[in-house]
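Student: Got a structure for you, questions after.
2 protein chains.
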Amino acid sequence: MKRKIIDMLKDATGNFVSGESIAEKLNVTRTSVWKNIQALKKFGYDIESRGKLGYKLNRIADLLLPAAIQSGLGTKIIAAGNRMVYKVSLDSTNKLAKQLANAGAEDGTVVVAEEQTGGKGRLERNFFSPRGKSILFSLILRPRCLPKDAPKFTLMAAVAVANTMQRFNLPAQIKWPNDIMFDGRKVVGILTEMSAQIEKVNYIVVGIGINANIAPEEFPPEIKKIASSLAEINGGEISRVDFFRALLEECDKLYRVVNEEGFQKIFQQWRRFNITLGHEVKVIAADTGEIFFGVAEDIDEDGALIVSTANGRQTLYAGDVSIRDR
Amino acid sequence: MKRKIIDMLKDATGNFVSGESIAEKLNVTRTSVWKNIQALKKFGYDIESRGKLGYKLNRIADLLLPAAIQSGLGTKIIAAGNRMVYKVSLDSTNKLAKQLANAGAEDGTVVVAEEQTGGKGRLERNFFSPRGKSILFSLILRPRCLPKDAPKFTLMAAVAVANTMQRFNLPAQIKWPNDIMFDGRKVVGILTEMSAQIEKVNYIVVGIGINANIAPEEFPPEIKKIASSLAEINGGEISRVDFFRALLEECDKLYRVVNEEGFQKIFQQWRRFNITLGHEVKVIAADTGEIFFGVAEDIDEDGALIVSTANGRQTLYAGDVSIRDR
């Protein structure tokens, strides 16, 4: 119902719509209309009420509400139908996504929140995400694959973000495996988790946290040196709704490519955006904690990083990479 | 308290112990002793009560109760301390183990049940497990490793079972990756699951289902041709308690080897028990469903099966293997 009310107000393009006419069209009471308008205001919609004139939508709030995101969205799997869960505030979108996935949530379900109170990045790092200024969501994917294939979906997600940035004329750089960088600072973090058997992945949850409209001075001091945002790259705020919609479409497109053809095209695109290959790197392996230096050569068919070192080629499946010759 | 009562009755080696003396030693009321005795009887302990004489343990039930399993058990991690959860009946031990692991259960926690009402084997196959005749348990492991390392713990579990069988003078054969076979029929099934991030495994749950004291004629007709049991191999029932205790000790020993030295020794032992390598095999890959034929050459450093086919070497990470030249 809220979605229908918003659509009616949008259609009026800034003019008042009487509560009576809304009630009539939706076949509900005027009190019910009034209650829903109050709820929409709480969500952040700027709706003006004036006696008999009724209700007017002054400005469409840049909230990632299903009504705003799904209306006319060109996706087939991701966030399609009722596969979208919206919360104003969440501990962590990955956490809720895992719960929903354990309870059987469909392939392509999206969990989105305006803020995270306990968001984590890779390696348990905290993720700064002030309310309404980030784009925070998790994708639940159920591909037919083995546990060893899961990291590739992380690269896929990074490519989807990079493609979306390109659509908004923002330069996109990917540091292996999935950090989106600007000027050596991080703009987007991706945290991928899974539940699996040896024979098959039960589900993958890809959590994506985007610093959207955070101005440089808004970052806490300890993060300032290592973080950037879409707004900083753009030199002004972007529409979170538009960006998120475009990103979901990119995710959907790439996910369907993967399901039909595998990862070859994704990896080609990844290489195009990457800033790691061909450079001297310092590596900390995630499993052993081992540190080594070398030149990042390429990614292999598993998405792992091949590094040529003084002791020969090393394959890095997960870990921290810093680029040394820049 | 139940454990202490059982210990006291055991110490009496078939003689009566008065309720009063038990109550005194444990500093509880006689009513409390009586209630606990009733509970122990329900568990299956054969305890005789006779007026003033008190209680006598006639025969130690072959139940996998923590009291029976953990008393004097020589393990350091697995089932150590309070890391053992016992249920008479469970849907599936893996399911409860995953719930406990999600809630933070410790490395080495064991979940054991006398029967499973919804037990599954690999590839969602049902697992036949009549009450009190199987050994059904799940290990919760929290090794420091990557998702791609998880399958190796499945091989480790198979080796632990094989070593235990050897201690009981039962011949043990492992079909890749982890089926314990006798006369071409399956004796033990292992189902490994995990929760992971790209950088690290959160936990691995290794579910082990052993056909212990199931006589050949007790199997349902459709399973009879493909299933065997320890009792069939042994030519008579075995002590489930003794076997389970020995198996937990083997699991503990191998797990500590893995944590300290990696999988090299485990793989050596696996090769010794295996009946797959060197044989012509038919393979169905778990991820693609692809079928191919070839000769099983070896396992690689990931525990994957290397098969030489007419089209070159193939690496099988998960799937079904049947041996053709036997």
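Top to bottom, those sequences are chains F and X. For the record, in the first sequence the residue sitting at position 19 is 19 according to our numbering, with numbers rising by one throughout. Quick note, our numbering runs 1000 ahead of the 1-based positions in the second sequence. Every residue gets a Cβ at the ideal spot worked out from N, C-alpha and C, and that includes glycine. Computed from a predicted structure; not experimentally measured.
(1) Thinking Ser1228 of chain X and Lys1186 of chain X are a contact (beta carbons under 8 Å), I'd like their distance in whole angstroms, please.
(2) If you check the beta carbons only, do Thr350 of chain F and Thr192 of chain F fall under 8 Å apart?
(3) Per DSSP, Glu193 of chain F forms a beta bridge with which residues?
(4) Taking 8 Å as the threshold (beta carbon to beta carbon), is Met1194 of chain X in contact with chain F?
(5) Using the three-state DSSP reduction, which class does Thr315 of chain F fall into: helix, strand or coil?
(6) When the distance is taken between beta carbons, is Ile1233 of chain X closer than 8 Å to Phe1273 of chain X?
(7) Could you have a look at Thr1031 of chain X and say whether DSSP puts it in helix, strand or coil?
(8) With a threshold of 8 Å, are at least 3 pairs of Cβ atoms found where one atom belongs to the segment 1103-1121 of chain X and the other to the segment 261-270 of chain F?
(9) Judging by CA-CA distance, which residue of X:Val1028, X:Lys1041, X:Glu1114, X:Ala1296 is the nearest neighbour of Leu1277 of chain X?
(10) Would Asp287 of chain F pass as an interface residue toward chain X - the criterion being a Cβ-Cβ separation below 8 Å?
(11) Which one of X:Phe1292, X:Leu1096, X:Asn1178 has the shortest CA to CA distance from Asn1311 of chain X?
(12) Could you please give the first and the last residue of the uninterrupted beta strand (DSSP E) stretch that includes Thr309 of chain F?
(13) Can you tell me which of F:Val85, F:Leu96, F:Ala157 puts its alpha carbon nearest to the alpha carbon of Phe267 of chain F?
(14) Is it buried or exposed, Ala1101 of chain X, if we count other Cβ atoms within 10 angstroms and call 16 or more buried?
(15) Looking at chain X, which residues of the segment 135-169 of chain F have a Cβ within less than 7 Å of any of its Cβ atoms?
(16) Give the straight-line distance between the Cα atoms of Met1008 of chain X and Lys1052 of chain X, rounded to the nearest whole angstrom.
(17) Using a Cβ-Cβ cutoff of 7 Å, what residues of the segment 196-208 of chain F are near chain X? List them in chain order.
(18) Measuring straight from C-alpha to C-alpha, what distance separates Gly1236 of chain X and Asn1213 of chain X?
(19) Between Leu1009 of chain X and chain F, is any beta-carbon pair separated by less than 8 Å?
(20) Report yes or no: do the segment 19-34 of chain F and the segment 77-94 of chain F share at least 3 C-beta pairs separated by less than 8 Å?
(21) Please tell me whether Phe128 of chain F and Pro216 of chain F are closer than 8 Å, where the distance is taken between their beta carbons.
(22) Who are the near neighbours of Leu1248 of chain X in its chain, counting only those whose CB is closer than 6 Å to its CB and skipping five residues on each side?
(23) Within the segment 1237-1296 of chain X, note down every full alpha helix (DSSP H) run reaching 4 residues or more, in order along the chain.
(24) Using beta-carbon positions only, say whether Pro1151 of chain X and Ile198 of chain F come within less than 8 Å of one another.
(25) Verify the CB distance criterion: does Tyr317 of chain F have a CB-CB separation below 8 Å to chain X?
(26) Report all residues from its chain with a CB closer than 7 Å to the CB of Ala1286 of chain X; omit the five preceding and five following residues, and keep chain order.
(27) If you follow the alpha helix (DSSP H) that Phe153 of chain F is part of, which residue opens it and which one closes it?
(28) Is Tyr203 of chain F near Leu139 of chain F, with beta carbons less than 8 Å apart?
(29) Is it right to say Gly19 of chain F is buried, meaning 16 or more other beta carbons lie within 10 angstroms of its own, or is it exposed?
(30) Spatial neighbours of Arg1313 of chain X within its chain, please: CB distance less than 8 Å, with the 5 preceding and 5 following residues excluded, ordered by chain position.
(31) Look at the alpha carbon of Lys41 of chain F and the alpha carbon of Trp34 of chain F, and state the distance between them as a whole number of angstroms.
(32) So Leu1090 of chain X contacts chain F; which residues on that side make the cut at Cβ distance below 7 Å?
(33) Does any residue of chain X bring its CB to less than 8 Å from the CB of Leu73 of chain F?
(34) Quick one: Cα of Phe1344 of chain X to Cα of Arg83 of chain F, how far?
(35) Looking at chain X, is there any beta carbon in it that lies within less than 8 Å of the beta carbon of Leu191 of chain F?
Tutor: This is what the structure gives:
(1) Right, their Cβ atoms sit about 7 Å apart.
(2) The structure shown does not extend to residue 350 of chain F, since chain F spans only 1 to 326, so no value can be given for it.
(3) DSSP, once it has assigned bridges, lists F:Val205, X:Gln1197 as partnering Glu193 of chain F.
(4) With respect to chain F, the C-beta atom of Met1194 of chain X has a partner C-beta closer than 8 Å.
(5) If DSSP states are grouped into helix, strand and coil, Thr315 of chain F belongs with the strands.
(6) Going by C-beta atoms, Phe1273 of chain X is not nearer than 8 Å to Ile1233 of chain X.
(7) In this structure, Thr1031 of chain X counts as helix in the three-state DSSP scheme.
(8) Here the segment 1103-1121 of chain X does not lie against the segment 261-270 of chain F, with fewer than 3 beta-carbon pairs under 8 Å apart.
(9) It is X:Ala1296.
(10) The beta-carbon of Asp287 of chain F is placed less than 8 Å from the nearest beta-carbon of chain X.
(11) With distances taken between Cα atoms, Asn1311 of chain X lies closest to X:Phe1292.
(12) That run of the beta strand (DSSP E) goes 305-309.
(13) For Phe267 of chain F, the closest alpha carbon among the candidates F:Val85, F:Leu96, F:Ala157 is that of F:Ala157.
(14) Burial of Ala1101 of chain X is indicated by the presence of at least 16 other C-beta atoms within 10 angstroms of its C-beta.
(15) The segment 135-169 of chain F vs chain X, Cβ under 7 Å: Arg144, Cys145, Leu146, Pro147, Lys148, Ala150, Pro151, Thr154.
(16) Counting only the Cα atoms, Lys1052 of chain X lies some 17 Å from Met1008 of chain X.
(17) Ala196, Gln197, Ile198, Glu199, Lys200: these are the residues of the segment 196-208 of chain F whose beta carbon lies less than 7 Å from some beta carbon of chain X, given in chain order.
(18) Whole-angstrom Cα-Cα distance: 8 Å.
(19) Chain F contact via Cβ: absent.
(20) Counting Cβ pairs under 8 Å, fewer than three are found: no touch.
(21) No. Outside cutoff.
(22) Answer for Leu1248 of chain X: Thr1075, Ile1078, Ala1079, listed in chain order.
(23) Fully enclosed alpha helix (DSSP H) runs of 4 or longer: 1240-1261, 1264-1273.
(24) Going by C-beta atoms, Pro1151 of chain X is nearer than 8 Å to Ile198 of chain F.
(25) For Tyr317 of chain F, the answer is yes, since a Cβ of chain X falls inside 8 Å of its Cβ.
(26) Only Ala1318, Gly1319 meet the Cβ criterion.
(27) For Phe153 of chain F, the uninterrupted alpha helix (DSSP H) segment begins and ends at 150-167.
(28) One thing to note: Tyr203 of chain F has its Cβ no nearer than 8 Å to the Cβ of Leu139 of chain F.
(29) Gly19 of chain F is buried by the Cβ-count criterion.
(30) Once the five neighbours on either side are set aside, the close Cβ partners of Arg1313 of chain X are Glu1297, Ile1306, Val1307.
(31) About 11 Å.
(32) Here the premise fails: no neighbours, minimum Cβ distance about 18 Å.
(33) By this cut-off, Leu73 of chain F is not an interface position.
(34) Here chain X comprises residues numbered 1001 to 1326, so residue 1344 of chain X is not present and cannot be evaluated.
(35) By this cut-off, Leu191 of chain F is an interface position.
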